[in-house]
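Data block below; observations after.
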Amino acid sequence: MNKSSGFTLREKNGVLYYTIPSFDRTNLVKHMFTTRVKGVSEFPFASLNLGINREDKIENVKENFKIVCNVLDVSIDSLVFSNQVHGTNIKIVDDEDVCEEILSLHPEEGVDGLLTNKRDLTLCTFYADCVPIFFLDYKKKVIGLAHAGWRGTVGKIAGKMIDKMIETYDCNTDNILVGIGPSIGPCCYEVDEIVYEKFNNNFTNLEKLLISNDKGKWFLDLWAANMLILKCKGILDKNITVSRLCTSCNNDKFYSYRKENGETGRLAAIIHLI
Ligand SMILES: [Zn+2]
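According to this note's numbering, the sequence shown is numbered sequentially starting from 1069.
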């Protein structure tokens, strides 16, 4: 995809990462979507792998977390992790959810969405092709992250995040900014009939989300699907930023589960209220 990105590419100490311009302008958060550049892990995890339950050496993953926390200027002791299962369970996190050891970090139950209004926490979720979605209510000062692959998108986790923000923190949809980060794009994400049917059962405007190809399969646009979900919930068009960066096309910067046949590392979406 050659369209220009809605996210901003930044560099610090050689580490490349992306931020969302609308989030930057609030001066309320430190946030990033990581790349694979300038970490210490070796092939096939080269090099800034943040995935914990992979085959990579844990010392390398820990060192990579140090590098990332240093770039973002947050304490490594403030990290709160998801436990992603391609579900739609959202956890409101508090000080007791901070992981004490990088190895022993996950909540026991499946959690694909994190929300908090606490200032001292750093939320962190993991990716290799699935869609990272960032949330910020700049009036109520609430932050969130959601992991949306095709299952999470069919389950409408992005909409459930908005519901939970309203229900828990009395947020107003007019004040919620959303960033849809790098993931496998409609250029590369070929899906079969099983996925097609799931979307058919859960979405209208299907022709905008799935483009049929000459192999009897479809290209799925997860960015458009999540945009649609957010707009249906009342999020303003001007408040949604889409990175339009495909992880498979840009395999030099990102890990791609598809492109690398599952043998790869994990990127992270990270956000912290200042
Ligand atoms: Zn692509």
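By construction, the Cβ of each residue, glycine as well, lies at the ideal position given by its N, Cα and C atoms.
Alpha helix (DSSP H) segment containing residue i, residue limits
i            : result
residue 1094 : 1089-1094
residue 1148 : That residue, residue 1148, is in no alpha helix (DSSP H); its beta strand (DSSP E) goes 1147-1149.
residue 1219 : 1218-1222
Extent of the continuous beta strand (DSSP E) run through residue i
i            : result
residue 1205 : 1199-1205
residue 1196 : Here residue 1196 belongs to no beta strand (DSSP E), and DSSP marks it neither H nor E.
residue 1181 : 1181-1184
residue 1160 : 1158-1160
residue 1338 : 1335-1341
residue 1287 : 1286-1288
Short Cβ contact (8 Å threshold) for residue i with residue j
i            : j            : result
residue 1328 : residue 1112 : yes
residue 1212 : residue 1189 : no
residue 1084 : residue 1148 : no
residue 1144 : residue 1107 : no
residue 1201 : residue 1294 : yes
residue 1309 : residue 1223 : no
residue 1311 : residue 1250 : yes
residue 1297 : residue 1227 : yes
Residue i versus the options, residue with shortest Cα-Cα distance
i            : options                   : result
residue 1331 : 1123, 1261, 1081 and 1085 : 1123
residue 1161 : 1154, 1169 and 1187       : 1187
residue 1088 : 1321, 1110 and 1246       : 1246
residue 1012 : 1322, 1222 and 1139       : Past the boundaries of the shown model lies residue 1012; the chain is included only from 1069 to 1342, so the question cannot be answered.
residue 1286 : 1254, 1297 and 1298       : 1254
residue 1274 : 1289, 1095 and 1283       : 1289
residue 1325 : 1280, 1096 and 1217       : 1217
residue 1166 : 1159, 1179, 1146 and 1158 : 1146
residue 1132 : 1341, 1342 and 1333       : 1333
residue 1164 : 1184, 1180 and 1152       : 1184
Residue i in three-state terms, based on DSSP
i            : result
residue 1118 : coil
residue 1271 : coil
residue 1315 : coil
residue 1080 : strand
residue 1304 : coil
residue 1280 : strand
residue 1070 : Reliability fails at residue 1070, whose pLDDT of 40 lies under 50, so the model's placement of it is uncertain and no value is given.
residue 1309 : strand
residue 1133 : helix
residue 1098 : strand
residue 1241 : helix
residue 1258 : strand
residue 1247 : strand
residue 1105 : coil
residue 1230 : helix
residue 1028 : Since the first residue of the chain shown is 1069 and the last is 1342, residue 1028 is not available in this structure.
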